[in-house]
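Just so we're aligned, residue 26 is where the sequence shown starts under the numbering used here, counting upward by one.
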Amino acid sequence: MPQSAAVISGIQRMVLYETRARYFLVGSNHAQTKHRVLKIDRTEPKDLVIIDDKHVYNQHEVRELLGRLDLGNRTKIAQKGSSGLSRAVSAFGIVGFVRFLEGYYIVLITKRRKVADIGGHSIYKIEDTSMIYIPNDSVRVAHPDEARYVRIFQNVDLSSNFYFSYCYDLSHSLQYNLTLLQRPYDLWLSEASSTEEEVHTQSKQDSFDIFEDEGLPTQVVYGLRNEPYYKYVWNGRLLKRVKDIVHHDWLMYIIHGFCGQSKLLIYGRPVHITLIARRSSKFAGTRFLKRGANCEGDVANEVETEQIVHDASVMSFTAGSYSSYVQVRGSVPLYWSQDISTMMPKPPIRLDQADPYAHVAALHFDQMLQRFGSPIIILNLVKKREKRKHEKILSEELFPAVINLNQFLPPDHCIDYIAWDMARYTKSKLCNVLDRLSMIAENVVKRTGFFINRSEFYCHTLRPDERWGDLGGHITTTGRIQTGVLRTNCVDCLDRTNTAQFMVGKCALAYQLYALGMIDKPKLQFDTDCVRLFEELYEDHGDTLSLQYGGSQLVHRVKTYRKIAPWTQHSKDIMQTLSRYYSNAFSDADRQDAINLFLQVYQPSESKPHLWELPTDFYLHQKNTMALPQERRSYTLWWSEGMLSSLPVAYDEVSCEENMKKIQVKRVNRYDESTDVYTEFFKPYELTSFDDTFCIAMTNSAREFMPKTVGVDPSPFTVRKPEETGKSVLGSKSNKEETLLQRKTAASAPPPPSEEAISSTSEDDSEEDRDDDGSVSQRSTPIKLLTESGESSRTQEEQQQTVKEPYGLNLAKLPAGKDLRIYESFAHLGENQHTVERTEHVKVANIICLEPVSFFPEDSIYVVSPPQVDRISRDVFESHVMAAQGQMRALCRDDMLMYREYVKNRYM
């Protein structure tokens, strides 16, 4: 079967030319060898007239065309001096077309910056845009409110965290995009041949085939163009007007969220770690103005986070090794809101509508089962115990909804519900939050598995690990795929959620690196270069998402929950709290109007009230309030038709007829530039500087995190001291006390009793009731930094180094003669104070060579008095001895009460 490859957009650069009656948008590929022309009419005051001749021009033809247009549009007066065709702007893509009360505007991307690379496919961030009014001034019908709508629309800052790619579908996961390339497209050859796009018969100058002169058949590749997942596309409505008119190369879909990539160097071998967050465009908005879910099952602040790990030494999707893991955050899928008119930091939670049959939750989980498969695991982090019921309201509604939906699903595909009061656990002085999260993460990753496009390596047979055998997911002939997803939520889905997602991502990263053959055990420790790099990515990810939804950066970070945040972090938390409160109180309403206008949830019209006159946008996002639904979904068979038959694999990834209709298949020559990733990535026709390439500028674990001292182990999986980083290496030991304190509060150490680092009153986890004493009487299992037997020698060396550091000498080495003479004179001074009989001569050797006379061989004093032990302690010790021998005595009433309290706090 021929190979498949994603089609690269044929329009990556464009120039807008202007005449009095037309706009001519000339688009070209990156090499500027193929051009397309789009003609936009400027004589229509309120309508959009676009003509695309669908013809591909070469460079000579497009120059000749522009010359004729220039000559034909010159005025008769001063024909030699004036120009009939003027160049307006250069751009890299079209965001869309939008109209308010006058004519249409075109929004173009004028600046871009490369932020990531996946398999040779570049991902760009929008840096600047230009909004151009299309109709000519002579036909423009002015409206007094037009300028206000333009200002509201431009409040959506397109230069802030909007991303696009010419050849990689950012709206879908890597698992979907790569499984798409493995489908049997030869079964759909009739559909491919029925389209007008046939095998390109090109000249040798355009495409050189090395097998043509040998009489061998031409190598054919299936070029694939897939329909995006519109839930995560933010300019879908802006392109809807021209989608069926222009060639698909003109259409470029953008996502909103976060994209970051860092390089992990493993003894010189590059491994790229990419983090992509896709924010949903459905029911989108700001913190207090968008809560819960709408009538279609879309929830507020829904973000799909995907971490991609791939061996960067091999670029191709077909020959390289790629792995990914996906998790989701989103508001509690109920009809609920918070009234912000009271100007309170914590507005009361209000259930707006009764939903006894969990209809809205069923719609939401139906979407998730269709996209991710089963099992769907819910990690609910809201509070359980409160003096004044606040967050608990959501848990009391969500849990019965899940129980109601599960009774109709098959037992193998039921929704798992995990409720854990993370805020209460954090306030306990005996518990380690990240320890408990790591246990949850291990169970979750084992249930869902992860995606990898390679079968197991031989090293897994040589060094088997028991945890690898229990891993879930679906195993295929080419690797394994992730089935199901973890859905994490708190009230705001910001601080607590980001920390929980980081711990799950850290656990999944260990399995991904193990599957790629990079480490011998699927486990990563804190304070390693690898985890520090990953933690920095997740903090940038959390800050970005928090700014988009809450108006400020994260208040509580991973270091806060590890109890190692510096004392200056407390003041920063307070400032972020104030920033978030100000944004929610004064600027969120304007941001919400801008989002509604940009996503075309509200479309201005002279017959409707203006956007700023609406008392609420509830009716814009709840479609069932404006029209009665045509058909009513079943309360028992609440899932989509045909979805159960594909579980645990997601229905969207199955090769069924419905899914194949979303794909356009084009048979092209193997060396055609529309599928040639090599030419797209390396650009051999362009003069580039090595220092300006993206791979040099991206974050590097060896440059940013590895200590710069001589003799340091270059492995990114070596546990280092908290102060040892490439960014700030402590050259002197001037502040040893602070250094020692940081070591004692490492990731595996039990948390100190002080809770000041998390005491700021802010968003979800910081808005805790101070009167509620959250001490929990259970202990968590401490994490061991070094668990492998092969690291015992390294532990002894580290102990010798730690002994030498405070004392300044090696105690295992014999002291010098000069030091022994000093000690002898000291011993002479102490002779008169020893309780030795004066009748016999005291020898210095007897004083120096002290021999213990007690039963404790490690003591260095003459006589040790045995400690006095009371009767109660002796009884406790005897009961432990009897229990070890299998002789159990009857438990008293106090013991039973103590054990019940332990079980209640630990497991209930």
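Just so you know, even glycine gets a beta-carbon here, dropped at the ideal spot from N, CA and C.
DSSP places LYS471 in no beta strand (DSSP E) but in the uninterrupted alpha helix (DSSP H) bounded by 458-473. Contact annotation, PHE283 with LEU300: C-beta distance approximately 7 Å; criterion of less than 8 Å satisfied. Annotation note: the stretch 252-295 contains the following uninterrupted beta strand (DSSP E) runs of length 3 or greater, listed N- to C-terminal: 280-291.
Exclusion of the five residues before and after ARG208 leaves SER680 as the residues of its chain whose Cβ lies within less than 7 Å of its Cβ. Listed in chain order, the non-local C-beta contacts of SER726 below 6 Å within the same chain comprise LEU289, LEU290, ASP554, LEU558 and PRO741, local neighbours out to five positions each way being set aside. Per DSSP, the beta-bridge partners of THR513 are ARG354 and LEU404. Note that the C-beta distance between ARG38 and PHE122 is not below 8 Å. Bridge pairing for ILE500: ARG505 [DSSP]. Shown here, PHE551 sits in coil according to DSSP, grouped into three states, outside any helix or strand. Nearest C-alpha to ARG88 among PRO70, HIS60 and VAL114: HIS60. The beta-carbon separation of ILE477 and GLY504, rounded to 5 Å, stays under the 8 Å limit for a contact. Note: ASN725 is bridge-paired with LYS288 in the DSSP secondary-structure output. Take the alpha-carbon of THR473 and the one of ILE402: they are about 9 Å apart. Remark: fewer than three beta-carbon pairs, one from each stretch, lie closer than 8 Å, so the stretch 377-389 and the stretch 544-553 are not flagged as touching.
For MET528, the uninterrupted alpha helix (DSSP H) run begins and ends at 520-540, by DSSP.
Between GLU152 and ARG138 the beta-carbon gap is near 5 Å, inside 8 Å, which marks them as a contact. Following the DSSP letters along the chain, one finds HIS85 inside the alpha helix (DSSP H) bounded by residues 84-97. GLN37 sits in coil when the DSSP states are folded into three classes, being neither helix nor strand. Of all alpha-carbon atoms in ARG931, VAL737 and MET685, the one lying nearest the alpha-carbon of ARG250 is that of MET685.
Sorting SER34, GLU171 and ILE298 by C-alpha distance to the C-alpha of MET723 places ILE298 at the top. Here the stretch 523-537 makes contact with the stretch 578-588; the two share three or more CB pairs at distances below 8 Å. GLN689 sits in a strand when the DSSP states are folded into three classes.
Of the candidates LYS633, LEU263 and TYR278, the residue whose Cα lies closest to the Cα of GLU252 is TYR278. In the DSSP annotation of this structure, the continuous segment of the beta strand (DSSP E) that includes GLU152 starts and ends at 146-158.
Here VAL245 carries a strand assignment [DSSP, helix/strand/coil].
Nearest to PHE397 by C-alpha distance, out of GLU729, ASN161, THR330 and TRP637, is THR330. Residue burial annotation: CYS484 is exposed, with fewer than 16 other C-beta atoms found within 10 angstroms of its C-beta.
A residue is called buried once 16 or more other Cβ atoms fall within 10 Å of its Cβ, and ASN161 is buried on that count. Taking all protein chains in view, the Cβ of HIS197 is crowded by 16 or more other Cβ atoms within 10 Å, so the residue is classified as buried.
Non-local C-beta neighbours of ALA337 in its own chain, meaning closer than 6 Å and more than five positions away in sequence, comprise PRO295 and HIS297, ordered along the chain. Counting only the Cα atoms, GLN573 lies some 26 Å from SER420. Excluding five sequence positions before and after PHE707, none of the CB atoms of its chain fall closer than 7 Å to its own CB.
In the DSSP assignment, ALA116 falls within the unbroken beta strand (DSSP E) covering 111-116. In the DSSP assignment, the residues bridged to LEU63 are LEU50 and ASP77. Cβ atoms of GLN332 and ALA535 stay farther apart than 8 Å, at about 12 Å. Taken through DSSP and simplified to helix, strand or coil, SER671 comes out as helix.
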